[in-house]
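Participant: Below is one structure. I have some questions about it.
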Amino acid sequence: MAAQSEAADAGSGEVPDVVVSPCAPINVERPILTATGPAEDVDPVDRPDLVAQEFRRVEIPRPTLVMAGEIEDEQVPGKMWGAALRGTHLNMWADAADHTLGTTLLGVEVTIRATPLNYTWDYGDGQAKTSAYAGGPVTAGAAARAADSGTATSHQYEATGFYPVSVTTTYAGQFKTPTSDWIPIPGVATVTSPAKTATIWKSETRLVSGDCTENPKSWGCERVPFPWEGGPQTSEEYKAAREQLDAQQRNAR
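Put into structure tokens, the structure is as follows:
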């Protein structure tokens with residue numbers, strides 16, 4: 001369509017029709033932008049937010065979770081099991097340390113130092129605890145006392161069963177560049193260690209007429225293998241195996 005525009009002609013008194021095309025080309029001169037001078041370098045010291053992201057991204061070594069009196073699996077080398085009697089305190093600790101890590105950020109070599117801040121324990125029975133102390137082993141002479149009264153990181157289980165235990169370590173960080181001193185990193189980083197199973201047992205005693213060599217069928221001689229012996233690996237599996245053994249013993253009487 002054509003648009004009409006009216007204009008007064010002072011000479012003739014007539015109003016001519018003026019046709020304007022909406023598709024008429026319009027020439028616009030665009031300015032040419034040219035960067036001048038060298039590119040501006042950004043120092044990680046001026047971008048602590050990026051350093052904080054890198055702190056949470058780098059792989060901080062996971063502390064080893066250790067339980068007192070661990071038993072090594074007979075079939076899986078290196079796999080350890082915790083074991084304790086119900087109602088006693090099972091001492092455990094995180095083998096944690098400071099770590100220094102190197103990375104490159106914004107083209108600059110950055111050194112990050114991670115320091116353990118606290119430890120959150122998940123004991124696998126619905127209970128959890130956060131401590132600023134990593135815990136540690138006790139002397140042989142203090143072991144019995146620790147089982148009775150506990151340590152800063154031990155746990156007392158009220159029921160038998162197999163419980164997956166884990167610890168999450170929270171780290172505070174510092175960083176430095178080749179031209180700076182140590183600078184605190186905003187925020188924290190967290191690392192969760194691989195879980196380890198605590199097996200909790202009850203003890204029963206009875207008077208018997210002889211040892212298991214003399215009477216292999218005597219009470220207490222026949223048992224379900226422990227998990228580290230290749231026996232059941234979960235509470236449910238152990239309970240089913242124990243019920244099956246009890247039924248066999250009743251039928252044999």
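Counting with the UniProt record's numbering, you get residues 1 to 253 for the letters of the sequence shown.
Built from N, CA and C at the ideal position, the CB exists for glycine as well.
If you count every other CB in all the chains shown that lies within 10 Å of the CB of Gly82, and 16 or more means buried, which is it?
Facilitator: By one-based count along the sequence shown, residue 82 stands at place 82. When all chains shown are included, Gly82 counts as buried.
Participant: To the nearest angstrom, how far is the alpha carbon of Gly161 from that of Ala97?
Facilitator: For the purposes of this step, residue 161 is taken as residue 161 along the sequence shown, with counting starting at 1. For the purposes of this step, residue 97 is taken as residue 97 along the sequence shown, with counting starting at 1. Distance between the alpha carbons of Gly161 and Ala97: 32 Å.
Participant: Kindly indicate the opening and closing residues of the alpha helix (DSSP H) around Gln53.
Facilitator: As a working note, residue 53 is residue 53 in the sequence shown. That run of the alpha helix (DSSP H) goes Pro48 to Arg57.
Participant: According to DSSP, is Pro38 helix, strand or coil?
Facilitator: Your numbering for residue 38 matches position 38 in the sequence shown. Bear in mind that a pLDDT of 48 at Pro38, under 50, signals an unreliable position, so the number given afterwards is only what the model happens to contain. Coil at Pro38, not helix or strand.
Participant: Can you check whether the CB of Pro44 is closer than 7 Å to the CB of Leu106?
Facilitator: Position 106 of the sequence shown, counted from the first residue, corresponds to residue 106. Position 44 of the sequence shown, counted from the first residue, corresponds to residue 44. Against a cut-off of 7 Å, the Cβ pair of Pro44 and Leu106 comes out as a contact.
Participant: Nearest-angstrom Cα distance between Thr168 and Val66?
Facilitator: If you number the sequence shown from 1, residue 168 lands on position 168. If you number the sequence shown from 1, residue 66 lands on position 66. Rounded to the nearest angstrom, the two C-alpha atoms are 13 Å apart.
Participant: In terms of residues, what are the limits of the alpha helix (DSSP H) holding Ser235?
Facilitator: For the purposes of this step, residue 235 is taken as residue 235 along the sequence shown, with counting starting at 1. From DSSP, the alpha helix (DSSP H) with Ser235 extends over Ser235 to Ala252.
Participant: Please go through the same chain and pick out, in chain order, the residues whose beta-carbon is closer than 6 Å to the beta-carbon of Trp182, but skip the five residues on each side of it.
Facilitator: By one-based count along the sequence shown, residue 182 stands at place 182. Cβ neighbours of Trp182 beyond the five flanking positions: Gln174 and Lys176.
Participant: With C-beta atoms as the reference, is Tyr157 less than 7 Å away from Ala134?
Facilitator: For this step, residue 157 is matched to residue 157 along the sequence shown. For this step, residue 134 is matched to residue 134 along the sequence shown. Their beta carbons are not under 7 Å apart, which means Tyr157 does not touch Ala134 by this criterion.
Participant: Does the separation of the CB atoms of Trp228 and Leu85 fall below 7 Å?
Facilitator: Position 228 of the sequence shown, counted from the first residue, corresponds to residue 228. Position 85 of the sequence shown, counted from the first residue, corresponds to residue 85. In this structure, Leu85 does not lie closer than 7 Å to Trp228 by Cβ.
Participant: Between the segment 230-238 and the segment 212-219, are three or more C-beta pairs nearer than 8 Å?
Facilitator: With the cut-off at 8 Å, the segment 230-238 and the segment 212-219 do not touch.
Participant: Go through its chain and collect everything with a Cβ distance to Ala247's Cβ below 7 Å, but skip five positions before and after it.
Facilitator: Translated into positions along the sequence shown, residue 247 becomes position 247. None.
Participant: Start and end of the beta strand (DSSP E) containing Arg145?
Facilitator: For this step, residue 145 is matched to residue 145 along the sequence shown. Annotation: Arg145 is outside any beta strand (DSSP E); the continuous alpha helix (DSSP H) that includes it extends over Ala140 to Ser149.
Participant: Under three-state DSSP, which class holds Trp201?
Facilitator: Counting from 1 along the sequence shown, the entry for residue 201 is found at position 201. Correct three-state label for Trp201: strand.
Participant: How would you label Ala189, buried or exposed, when you count the other beta carbons within 10 angstroms and need 16 or more for buried?
Facilitator: Stepping through the sequence shown from its first residue, residue 189 is reached at position 189. In summary, Ala189 is buried, with 16 or more beta-carbon neighbours lying within 10 Å of its beta-carbon over all protein chains present.
Participant: Residues in its own chain within less than 6 Å of Thr64 by CB, not counting five upstream and five downstream?
Facilitator: As a working note, residue 64 is residue 64 in the sequence shown. Cβ within range, chain order: Asp95.
Participant: Anyone know if the C-beta pair for His89 and Gly150 falls short of 7 Å?
Facilitator: Residue mapping note: residue 89 aligns to position 89 of the sequence shown, counting from 1. Residue mapping note: residue 150 aligns to position 150 of the sequence shown, counting from 1. Their beta carbons are under 7 Å apart, which means His89 touches Gly150 by this criterion.
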